[in-house]
Ligand SMILES: Nc1ncnc2c1ncn2[C@@H]1O[C@H](COP(=O)(O)OP(=O)(O)OP(=O)(O)O)[C@@H](O)[C@H]1O
Ligand SMILES: [Mg+2]
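Chains as they are written, first to last, in my numbering: chain A, 16 to 327; chain B, 3 to 381.
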């Protein structure tokens, strides 16, 4: 590339953008201003207020208002075993639920990718849980499905010796995960199905002619093809599942004990039951910081997922 | 290596539809290069896919090496196929693409590498290309990888579906020769599908012409060219196409403007006209120095040149015969007397448009076809 080396190093590649007057700059920004102001008022101002509260001792149920107490709220947050447990629990529940949605969703997608009579109906039925509002779903699970005395599940399992099982009391952790998976598996299935259907047919035919069995074809060709789809599904699924609140609020209230207290529910409890504004603000700030760290990793992965197609 | 037989094989895509391949009877000898050729929609791809096992055989049988494979899945047929769009595995490198079938046969890695490199050398694929992904290759290179994927296997039969159709004209001619040469060297039975009759004629040991799902004729390129069994094959094989025109019958011959061409005896009775076919090179230009009557039986046709296509070595003259109406029937060959005829002439000094010319034709070179069925009327 001798030609390039000879070129003056400072030569601009293209026409330089024309300098704009201040007036011109503002006339371009002005239409965006209302949206910007709105965003600042509803997101940044509350966040600043929250930071301010996080340095205050302030209990709703105690007279005397608020007073500055330094970093003691933060000290409490980092030493509060409930907070740390909530983080661990959120992570484990999310990881288990996401893995299950991926495995079940992929299996169902592979099933739905083949032609069989009634495929349209089956597909619609499988997608339905995704269309049910989380709160409504939680109520249905808690009552008609899981009720120890009248629940459908116990009725169906009775022949197998299950007797008036109180699922939400005795197996709360697992049951909540089951409901989370039930709700999000269709989403994962749809993404994987889109991936499967975008796989060119002649490549699969070439594999058949090359002597590959169905399983080898899946492992050698389909899984690599699905990789970006799986990554996207895991990413979005994680974002949704980490914020699960409705099901926990309505089915277990974080219990029994703190068995199902995840981070969102922990924060909610701190404000609404302990009336500890300062403490929950500090926990909230820590959560936001953690979220930002995780989210920026996730966003970087997003970028990679979407460049994946071009990069290979 | 094995012979391939289609016996009364049919494929009907939808109930009640016309068969895409209709009771095909075709025997392909061990080591033979057989080309399936025909216009678009004639069932070539379908016939090939039936042999590959990618399409079920709805009636009749398909045999490879004497064994009926009609119900055998593709992976157990020991065939290799080159797809029109190559169908390379996008996530795998060139070497992995070529070695995939061997991996599926559990051939150990060192042996696999050796055979992949050997195939790459055979196809002039650079070593450095073996680590690339298909996306990073040009169309011609992809085509060679697709070929490579087939030849590393040494299968019983090669199947190729228009493997050259995505290449530019020059590369196509080059690769055409390479494939034919490779097949000769490997000696593996090959079924090759194309819609390009030049490809068919230059590559095939034998060529099977399909139309509407039916086999029209199967023979060596020479047989097809010299002895087409019907009007379809006559018109399809050969470039430029054979001149075909309907001519009324008159005193034992076909009446062309200004002359009568004697026809073989034994014409079916009750015919009032026939389709006559004359290859462009059989219409010889007569000039002063070359009166063009090599034997006494030649007939003369006179007309004027309306178009000259110069091809270099020779030129194609489109000649409107005297006595023909000027109306052009839109290029449908042979359907009406009135189209210009095409003659092949020396390329150096062809007549110019508008010039009067006389063409001579030896009646022995004239083919006649039944106007209703299109079947050849032979002596
Ligand atoms: N999957 C299919 N479903 C229904 N009909 C089909 C299908 N594939 C092909 N056909 C029909 O079968 C006939 C033969 O098709 P085929 O693909 O074998 O033609 P072809 O000779 O390969 O043509 P081309 O030169 O255009 O590739 C056509 O009429 C086509 O419309
Ligand atoms: Mg085809």
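Think of the CB as a built atom: it goes at the ideal place given N, C-alpha and C, for glycine as much as any other residue.
Helix, strand or coil for residue 346 (chain B) per DSSP?
Three-state DSSP puts residue 346 (chain B) in a strand.
For residue 1 (chain B) and residue 224 (chain A), which I take to be in contact (beta-carbon distance under 8 Å), what is that distance rounded to the nearest angstrom?
Only positions 3 to 381 of chain B appear in this structure, which leaves residue 1 (chain B) out of reach.
Tell whether a beta-carbon distance below 8 Å holds between residue 267 (chain A) and residue 275 (chain A).
Yes; because the gap between Cβ atoms is below 8 Å, this pair is in contact.
With distances taken from CA atoms, which of A:34, A:157 and A:93 is nearest residue 190 (chain A)?
Nearest C-alpha to residue 190 (chain A): A:157.
If we count the other Cβ atoms within 10 Å of its Cβ and call it buried at 16 or more, is residue 60 (chain A) buried or exposed?
Label assigned to residue 60 (chain A): exposed.
For residue 93 (chain B), count neighbouring Cβ atoms within 10 angstroms of its own Cβ and tell me buried if that reaches 16, exposed if not.
Buried is the call here.
Quick check on residue 2 (chain B): does DSSP put it in helix, strand or coil?
The question about residue 2 (chain B) has no answer, for chain B in this structure spans 3 to 381.
Check whether the stretch 294-312 of chain A and the stretch 87-97 of chain A are in contact - that is, three or more C-beta pairs closer than 8 Å.
Touching, yes, given that three or more Cβ pairs across the two stretches are closer than 8 Å.
Report the three-state DSSP secondary structure of residue 317 (chain A) (helix, strand or coil).
Helix.
Just the C-alpha distance for residue 308 (chain B) and residue 103 (chain B), rounded to the nearest angstrom, thanks.
Near 57 Å, if we compare the C-alpha coordinates of residue 103 (chain B) and residue 308 (chain B).
Can you list, in chain order, the residues of the stretch 85-100 of chain A whose Cβ is nearer than 7 Å to any Cβ on chain B?
Cβ contacts with chain B come from no residue of the stretch 85-100 of chain A.
Give a yes or no on whether 8 Å exceeds the smallest Cβ distance from residue 81 (chain B) to chain A.
Yes, residue 81 (chain B) lies at the interface with chain A (some Cβ there is under 8 Å from its Cβ).
Please report the Cβ distance between residue 237 (chain B) and residue 227 (chain B), rounded to the nearest whole angstrom; I am assuming they are in contact, meaning their Cβ atoms lie under 8 Å.
Not confirmed; about 12 Å, so no contact.
For ligand 1, any of its heavy atoms closer than 7 Å to the Cβ of residue 48 (chain B)?
Checking the Cβ of residue 48 (chain B) against ligand 1 gives yes.
Beta carbon of residue 84 (chain B), beta carbon of residue 133 (chain B): below 8 Å?
Not closer than 8 Å, so no.
Quick check on DSSP: helix, strand or coil for residue 199 (chain A)?
Helix.
For residue 91 (chain B), which residues in chain A fall below 7 Å Cβ to Cβ?
Simply 218 and 236.
Mapping DSSP to helix, strand and coil, what is residue 241 (chain B)?
Residue 241 (chain B) falls in the coil class under three-state DSSP.
DSSP three-state call for residue 337 (chain B): helix, strand or coil?
Summary for residue 337 (chain B): the model assigns pLDDT 42, below 50, so the residue's position carries little reliability; its value from the coordinates is reported in the next sentence. Three-state result, residue 337 (chain B): coil.
Give me the chain B residues within the contact set of residue 130 (chain A), using Cβ-Cβ distance strictly less than 9 Å, ordered along the chain.
Per Cβ cutoff of 9 Å: no residues; residue 130 (chain A) is ~14 Å from chain B at best.
In terms of residues, what are the limits of the alpha helix (DSSP H) holding residue 136 (chain A)?
Here the alpha helix (DSSP H) through residue 136 (chain A) covers 134-146.
Quick check on residue 136 (chain A): buried or exposed, where buried means 16 or more other Cβ atoms within 10 Å of its Cβ?
So residue 136 (chain A) counts as exposed.
Tell me whether the beta-carbon of residue 211 (chain B) lies closer than 8 Å to the beta-carbon of residue 39 (chain B).
It is a contact, given that the beta carbons lie within the stated cut-off.
Quick check on residue 162 (chain A) - is its C-beta less than 8 Å from some C-beta in chain B?
Not closer than 8 Å to any Cβ of chain B, the Cβ of residue 162 (chain A) fails to qualify, so no.
Alpha carbon to alpha carbon, how far is residue 35 (chain B) from residue 206 (chain B)? Give it in angstroms, no decimals.
For residue 206 (chain B) and residue 35 (chain B), the distance between alpha carbons rounds to 5 Å.
Can you name the start and end residues of the alpha helix (DSSP H) that residue 181 (chain B) belongs to?
Run containing residue 181 (chain B): 171-188, per the alpha helix (DSSP H) assignment.
Determine the chain A residues that contact residue 149 (chain B) at a beta-carbon separation under 7 Å, and present them in chain order.
Within 7 Å Cβ-Cβ: nothing; residue 149 (chain B) doesn't reach chain A, min ~13 Å.
Looking at C-alpha atoms only, which residue of B:197, B:81, B:29 and B:289 is the closest neighbour of residue 153 (chain B)?
Cα-wise, what sits closest to residue 153 (chain B) is B:81.
Secondary structure at residue 240 (chain A), three-state DSSP: helix, strand or coil?
Looking at residue 240 (chain A) - three-state DSSP - the assignment turns out to be helix.
Please determine, among B:96, B:244 and B:173, the residue with the shortest C-alpha to C-alpha distance to residue 277 (chain B).
Among B:96, B:244 and B:173, the Cα nearest to that of residue 277 (chain B) is on B:244.
DSSP beta-bridge partners for residue 102 (chain B)?
Answer is none; residue 102 (chain B) lacks a bridge partner.
Any C-beta of chain B within less than 7 Å: which residues of the stretch 238-261 of chain A qualify?
So the list reads 239 and 240, given in the order they occur along the chain.
Could you work out which residues of chain B lie near residue 209 (chain A), taking near to mean beta carbons separated by less than 8 Å?
Going along chain B, no residue has its Cβ under 8 Å from residue 209 (chain A), so there is no contact; the nearest lies around 17 Å.
In the DSSP assignment, find the alpha helix (DSSP H) that holds residue 284 (chain A) and state where it starts and stops.
Element bounds for residue 284 (chain A): 278-287.
How would you label residue 256 (chain A), buried or exposed, when you count the other beta carbons within 10 angstroms and need 16 or more for buried?
Result: buried.
Cα-Cα, which of B:14, B:42, B:75 and B:197 is closest to residue 229 (chain A)?
Checking every option, the nearest Cα to that of residue 229 (chain A) belongs to B:75.
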